[in-house]
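The opening position of the sequence shown corresponds to residue 26 in this note's numbering, with each subsequent residue numbered one higher.
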Amino acid sequence: MRTDRRKHYDDEFRREALELIKAGAGSKSLARRLAIPKQTARKWILLYRSNGEEAVMGAKGNRRYDWETKVAAARDRVENGATKAEAMARYGIVSVTALERWCRDYRVGGAEALRPKPKGRPKGARSKPKAKPTREQELAEEVAYLEKVRALRASRSRGASGAPSCNGSQASGTASATSSR
């Protein structure tokens, strides 16, 4: 038995799997002999049947498919009953996951659901810089600030002179007013 290598399978390991697949091993025996998940074994067998050795060896880089290919593959699979392997072989699709996603989207929203979506943030979403305030606005803000300071000082002087504090008791001087806070 081998150790579990779910994260990454090197080329030598995949070649060994290819030899077993070519010899006719099924997904259960392939999974057991290589100590890999059954789902991975099924996927590799499907990839081999649909696109040959290169698909199992792992394509380097991302493949992009045009809208027509996506629609045709999904339509063949969903409406015409083609198997995954047939659809992948016919349209040169290397990823089972991509085909399954296209079929799911096609069932929900039809061909339009497979249209490319714009990438990134929408153009109008960027926040616009604030306009610089005029001199009158700056002065009005300063006056409002000074009025708040004046009101705060007035309320503090009333609190020290015996007005009820926030807890309802009478303050008997500045020392007791500050110690109760």
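Glycine residues also receive a C-beta, built at the ideal position from the N, C-alpha and C atoms.
For clarity, every value in this text was computed on a predicted model and none was experimentally measured.
Outcome for residue i when other beta-carbon atoms lying within 10 angstroms are tallied against a minimum of 16
i	result
Y207	Not covered by the structure: residue 207. The range shown for the chain is 26 to 206.
S75	buried
L177	exposed
K68	buried
K48	Contrary to the premise, residue 48 reads as Ala rather than Lys in this sequence. Result: exposed.
V96	buried
A156	exposed
Y170	exposed
K112	Residue identity check: residue 112 is Ala in the sequence provided, not Lys. Looking at its Cβ environment, which holds 16 or more other Cβ atoms inside 10 Å, A112 is buried.
M26	The pLDDT assigned to M26 is 46, lower than 50, so where the model puts this residue is not dependable, and the model offers no usable value.
A165	exposed
C-beta atoms of residue i and residue j nearer than 8 Å
i	j	result
K109	R102	yes
W92	R58	no
L124	A107	no
R39	G83	yes
Extent of the continuous alpha helix (DSSP H) run through residue i
i	result
T94	W92 to V103
Y34	Taken as a continuous stretch (DSSP letters only), Y34 belongs to no alpha helix (DSSP H), as it is neither H nor E.
T108	Note, T108: premise wrong, no alpha helix (DSSP H); not H, not E.
I70	K63 to N76
S52	S52 to L59
R146	Segment: none, R146 is in no alpha helix (DSSP H) and carries neither H nor E.
L124	V121 to G134
Own chain partners of residue i with C-beta closer than 6 Å, once the 5 adjacent residues on each side are dropped
i	result
T122	none
A80	L72 and V119
V174	none
E41	none
Cβ shell of residue i (< 8 Å), same chain only, five flanking positions each side left out
i	result
A138	D130 and Y131
S114	Before going further, note that residue 114 is Ala rather than Ser in the sequence given. These residues qualify, in order along the chain: R74, S75 and N76.
Cutoff 7 Å; reference residue i; Cβ partners in own chain excluding five residues on either side
i	result
Y34	none
L45	L55 and R58
K63	S52, K53 and A56
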